[in-house]
Structures are given as C-alpha cells and as structure tokens.
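To start, the structure under review is shown below, and the notes come after it.
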Amino acid sequence: MNDELNGMLTEVLTDHCPPALVEASEGGWSEDLWKVLESVGLTAVGIPEEQGGSGGDFDDAVTVVRAAARYAAPVPLTQTLLVAPVLRDLFGLPHRAGPTAVAWTPLRASAQGELWQLTGTVSDVAYAPAASSVLLLGVDDAGRVVLAEVDASLDWTVRTDLAGEPRGTAAIDVVVPAAATDLDLAAVLDRARDAEALALVWGMVGALEKIEELTVGHVTAREQFGRPIAKFQAVKQVAAQIAGAVAIARAAAMEATAARGRPDAAFAVAAARARTAGAGTDAARYAHQLHGAIGYTREYPLHHYTRRIWAWRDEGRSAVEWTELAGRRALAGGADKLWETITG
Amino acid sequence: MSADVLASAELSAEFARWLAANRAQATELSEAALRPAPATEYLAAQKALQSWLYEEGWLARGWPKEYGGTGNDVGLRAAIYDLLGAADIAVPSTVNVVEIIAPTLQHFAPGLAEQLLSPLVAGAEAWCQGFSEPEAGSDLASLRTRATRTEQGWSISGQKIWSTRAPGADRCAVLARTGSPESRHRGLSLFMVDMDTPGVECRPIDDMSFTQHFGEIFFDDVQVPDDRRIGDVDGGWAVAQYLLQWERGMFSWLRQSALLGMLRQLPPGDDAGRGAAYQDVIALRLRSLGTLRALAAGKSDGPQVSIDKLLLSRAERSVHELANRTRPVAVDDGTPGWHERRHEYLHSRSAPIYGGSAEIQRTIIANQILQLGKESR
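Sequence lines, in order, name chains A and B.
Here the first sequence is numbered in my numbering, starting from 2 and rising by one per residue.
Here the second sequence is numbered in my numbering, starting from 1451 and rising by one per residue.
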C-alpha cells in the first residue's frame, strides 16, 4: 500500500466525510465530497496522466477505494476508478473525467452509419443519479458487442439499495458514437464483472477494517458488570472471530490483486469474492452481536458499514454464483493443472 | 382443564370457517401491521389488527372473563396464535407485550390485573416495559432508575432505553431501584406507570431497519401510587424473572409460527439451505411447544427458557439468510414488498440481541442449568 496516498486519503476523508454526511446522504450521494476529492486528484487515481488522470497504478486506485469504504463515502469511486477504466480499455474508449456509472443490462444495438442506435432499458445502475457519464453496452443482431459512453443526464427512476446507495433505471433510445470489440457478450461481462468483483472485494476489506475498529473500540469502552465487556472470554472470542474474518478477506483480496495478469487471475478473483462474502457475513454478524442494541440504532455508524457488506456481498453475482464460478475456473485448466491452481 | 397448545380439530375447523368469510380483511389488516412505519403509525396498525381480531373473538379467547375474555386458558391462546400464523395472518406485535405483562400482573397483582387489563387485551391500549438503561443492558441488576417512598406512594426518577413499542404506549412496567445502590438484584421493585403522568417523557429511537421499534423514556420525579406496585418491595427481580419466561417463551412460540409462514412463501431455490432452515424452525417449534405446555399448566421452567431464546435466534438467522439468498434484498427491484423485505432482513439481525443477548442466555444456561459456577473476575 502507498502510505503517502493512504495518509492523504485519511486526512481528506476524516475532514470531509464525517458520519453525519454519510447519514444525510442515505439514498443519494455527496457532490460536495466528490468535488473535494476531485480537487486533490483522488477521483482519477490509477489513470495515466497523459490520458488526463492523476497517474498512479492499480494498487493506488485500490488504496483509494479501500479508504473510501472505511469512511462509507457516498461517492461512485468503485465504478469510476476500477470498473469503468477496464471497460473503456477493452473497447479502446478514451478516459473521461467525472463520476461514472456502469449499466450492466445489454441494450439492443444497430449501426446507423458511423453511429449506433441503442435502445432498451438499463436497470439498477449504481450511482446513476450521481454520474456525469454512463457506460452503455449494446449487442446487435449479429451478436457484436459495442460500448458507448453517454451523458448521464437521463430520466432516471431512482431507487435505493440495502447500503443506502442510489440506483437508477432508465429507458434508453440514443444514436451515439460507440466502439466495437471482437469479444462476445459473455466474455465482455466476465471481464467487467471480474473488475467489479475485485473492486468490491477491496471495498469490503475497507468496510470490514472499520467494523473491526468500531467493535474493538466499543467492547473496550462499554462497561457492564463493573468492567469493560472486553474482559469477558465470550466477548473476546467473538472479537477474535472478527479479526479472523477481516484477515481472511484481506488475504483473499491481496492474492486476487497479485494474480492479475497470471493465468489463474479469474480463479483468484472468483475465490476472493466468494471468500470475502463469507467473511463479511460473519464479521457483520459478530460486530452487531458485540454492539448490542447500540449498534442497531441509526445514530451509531455501524449499520452504514454492515449494510454495505450485505449489499456489496450480493452485488452483481451472489456468493453462491461466485463459488460455482471459482469451481468452474479451477477446473478449466484440466486435471493436470488443478493441484497447481489450488495450491500455487 | 386447559386446551392444548396445538389446536383441536374443532377449533381448527371453526377458524377455517371464519377465515373463509373474512380473508380479505384479515390480509389487509395483517399487511398493514407488517409494514415498516414511524412509531405512532406502526402502533396504530397493530392496534387496528388487534382490536379487530379481539372483536371477532379470536384474541378474547383464553383470557379471564374479568378482562373481557372467555376464561383463562394459556394453551388456547397459544393455539390461536399458531392458527393465525399458519394462515399467514400476523399476530400484532402489541400482543407480544400483552403476553409478557398480563400473566405477570395476574400472578403478582391480581387486583391491578382486574382493574387495568381489559383495554390492553382488547387492543384499545398498548403498553411497554421499562427494564434496560443506558448503563444497564446485559447487566440489568445494575440499573439506577430510583423509586423513593413518598407520603402518597413513590417518586420515580431515571432513564430507560430500548423499550420496545414505548412511543405511543399508554402504560409502562418500570423496574426501579428501591434498595441501596449496591443492592443489585435484591433492591429492585416493579411499578406500573401511566405514560401520561407528569414527568414522563418518551422519545422514539430511529433504528437501522428503518423503523422506530424502541424508545427511551425519561422519568423526572414521577408520582406513582403504591397500589401500582407489582409484587413485593425489593422483590422486583423475582417478578422480572417470571416475566422474562413469558417474554422468551411465548414470544418464541409466536415467532416459530411466523417463521414457518415465511418458509412457505419463499420462492424456490437453495434446497439444502431450505432444509437446514426448516430444521432450525422445527427444533424451535418442538422446544417451544414443551415450554408453552409447561406455562399453560402453571409450571415454571425458569432458566430453561434461555434455550428457547437461543433456538429462536438461530432460526431467525437461518430463515432470513435463506430468504435473502433466494430473493436478495440488496437492491430494490421495484417489486412490491421490497421495503418490507429489507426491514425484515435487517430486523432479524436483532434477534440474538433483544430480550437478553445470546451471550447472556448461554451464561444463564451455564450458571443456572449446568451449575458451572460464575466466571471469576
């Protein structure tokens, strides 16, 4: 991890993303926070300077997403820094500044001279109402896949998710420039979902680190029976389970990051996503158990992190699907490679 | 002779005939009662359902005639809750409180019971209990709300928190310290306090399931007559223990019926998880059946009911995790009922916490059932 970058993030987020801002942004987002992050270049980390980004590598972008999750920052950094760039690279689209949303529902595409007509409905687009641009996928009658980046000022029907983040659904009928690829839709979605999975894994690590911090703080400060509840074996052991779950999530995320570019990269991402889902479920449960009723109130910030864990855990593909996918990917290399994939 | 906790064939048939004629209204009032809403709105929906079911006769059965019932019969009441659950009709959550406080009043203050219980059973009034305090949650015996003798009765001052259904409640059963500050559980007494008494202030607490299920109550020199005392002076701990077996026992019975209903209504998928969740609920149901039969026979099972509470926590988690896997609540999919499902999922997180946390229940089982002795300090 880049310590200098992490220190800067901690400073900016402590000042500009207090719990009150997170609570006030429930169901929406914070444009003010985005502007602050943008002014210091944090909304374009990992994107090369020659493309208009802030520079830095993939690990730096991960550092931003992880830190933002530690503050439950209500801004679309995951999509902007880690998902949109992968899709743009896949189709050769240029970087575009500003908060970005990614629409996963493929639209119907048809060529109109140099342009493409995209029609249909995109649903549950995370942070759609916050975005300046949205990435749209389209498939034509021949199965060719195209990607367009359009102005996000569409007529969004906004709903909220379990994490309290906004989601938009909109009818699309546009004629726009779009880029094509030789990959089929399943391959495109697999690559993009893997990028999203790795981003969510790091977001969950950040949220879990905060959950651990809040819980340790609570059990050492809260006194019952004349002593801090951390003095009880039963409490210590549940707290230790949280530490274990966070360590598992962090190790899985680091391995999936290290595997980028390796033949087993897709397996490592699926495994990390499945493993983090389980660790997140456990840690969230134990954290609430140790917080008691206090952690169940809106006033205490724990729920912002546990709700994000429960929502991100099931985002895109469920843990069951990721587990099956990890199995299929592990087997894809054939029997000779299996041992190496699992142990390597 | 009391009815069994499982409905007789005659009772089931009578209920089925009634249901056939009243299905639409039952469903409408039940759905309204399950809808997450601010405290007063939520309470009004509970009372509407409760008073209708009372007028239709179902929630009057099994209560003593003196409070508008058909004769005291715990087994009959439990059987009716089970019939309602099996028909996917919510038992209003105000009934949970009736089943906690009414048997306690009957046992420890029959005069007060006769005087006060009719409107509670009928759903015209809603009550709450004031046990936990900011500094006395799991360690209930350390509570500080003080009741001091006056010429007319008692003066109560202090603060209660996590009181379920307190906002909008008409009365509150308040556990207060009447002994010395060091007396712990030996110096407590229970009082029935009217919430409109001068000096009582109640505020709802916003909770993470987007409702206001509980509140905090402030008492500032609140005058309470001595005839509102439930049980002996300094004898409140015994009253609370008696009360808690109803809170844990009857509530577990009410929930197992609701959880079986949830399992029935889930979309297909995850057969293994469904089987596991079903087993957890059936384990709870069988255990709870024994507890309810003991309560109906007037036998106290004491600390045994902590096992029911642990089984309940486990069943709640299994069923709601399964529900979330078969139909994730992560994103509002625009279908009706998402807010209800989100609320149910988040609310299920509180099961191993409310009414005594799982850690406290396990400690009770270890210390009082297994006699393992207290943890050294």
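Cβ atoms here follow ideal geometry from the backbone N, Cα and C, with glycine treated the same way.
Bear in mind that the values here come from a model prediction, so they are computed numbers and not experimental data.
- Residue environment for A/Glu341: exposed (fewer than 16 other C-beta atoms within 10 angstroms of its C-beta).
- Sequence-distant partners of A/Asp152 (beyond 5 residues in either direction) whose C-beta falls short of 7 Å from its own C-beta, in its chain, are Ser134.
- For A/Ser111, the three-state secondary structure derived from DSSP is strand.
- Under DSSP, B/Val1643 takes part in a beta bridge, and its partners are B/Cys1622.
- In the structure shown, the three-state DSSP call for B/Thr1785 is coil.
- Closest option to A/Trp157, judged by alpha-carbon separation, among A/Glu32, A/Tyr128 and A/Pro20: A/Tyr128.
- By the Cβ neighbour-count rule, B/Gln1715 is exposed, with fewer than 16 other Cβ atoms within 10 Å of its own.
- At a beta-carbon threshold of 8 Å, the residues of chain B lying near A/Ser319 are Arg1775 and Pro1778, ordered along the chain.
- Residue-level contact by beta carbon holds for B/Ala1808 and chain A, with a gap shorter than 8 Å.
- Classified as buried, B/Val1455 has 16 or more neighbouring CB atoms from the shown chains inside 10 Å of its CB.
- CA-CA distance, A/Trp105 to A/Arg261, rounds to 23 Å.
- Every alpha helix (DSSP H) stretch that sits fully inside the region 12 to 92 of chain A and reaches 4 residues is listed by chain position as 20 to 25, 32 to 40, 59 to 71 and 85 to 92.
- Taking a Cβ-Cβ cut-off of 9 Å, the neighbours of B/Pro1802 in chain A comprise Arg286, His289 and Gln290, given in sequence order.
- At a cut-off of 8 Å between beta-carbon atoms, A/Arg145 makes no contact with chain B.
- Taking CB atoms only, B/Gly1784 has a neighbour in chain A less than 8 Å away.
- B/Ala1765 and B/Ile1757 have their C-alpha atoms roughly 12 Å apart.
- About 5 Å separates the Cβ atoms of A/Leu136 and A/Leu88, confirming a contact at the 8 Å cut-off.
- For chain A, the residues of the region 1649 to 1674 of chain B that bring a beta carbon within less than 7 Å of one of its beta carbons are Ile1655, Asp1656, Asp1657 and Met1658, in chain order.
- Take A/Asp195, set aside five residues on each side of it, and the residues of its chain with a beta-carbon closer than 7 Å to its own are Ala267 and Val270, in chain order.
- A/Asp60 and B/Gly1784 have their C-alpha atoms spaced approximately 37 Å apart.
- Shown here for B/Leu1499: same chain residues with a beta carbon closer than 6 Å to its own, the five before and five after excluded, namely Leu1479, Ala1483 and Pro1542 in chain order.
- Non-local beta-carbon contacts of B/Ala1591 in its own chain, meaning distances under 8 Å to residues more than five positions away in sequence, involve Arg1634, His1635, Leu1638 and Trp1687 in chain order.
- In the DSSP assignment, B/Phe1668 falls within the beta strand (DSSP E) that extends over Phe1664 to Pro1675.
- Contact annotation: in the region 238 to 251 of chain A, no residue has its CB less than 7 Å from a CB in chain B.
- Taking CB atoms only, A/Gln118 has no neighbour in chain B less than 8 Å away.
- A/Gly8 is outside the set of residues whose beta carbon lies under 8 Å from a beta carbon in chain B.
- With the criterion set as a beta carbon lying under 7 Å from some beta carbon of chain A, the members of the region 1583 to 1594 of chain B are Gly1587, Ser1588 and Asp1589, in sequence order.
- Across the structure, B/Ala1552 and B/Leu1640 are spaced so that their CA atoms are roughly 14 Å apart.
- Three or more pairs of CB atoms, one per stretch, sit closer than 8 Å, so the region 1501 to 1515 of chain B contacts the region 1523 to 1541 of chain B.
- A straight line joining the alpha-carbon of A/Pro49 with that of B/Glu1794 spans about 46 Å.
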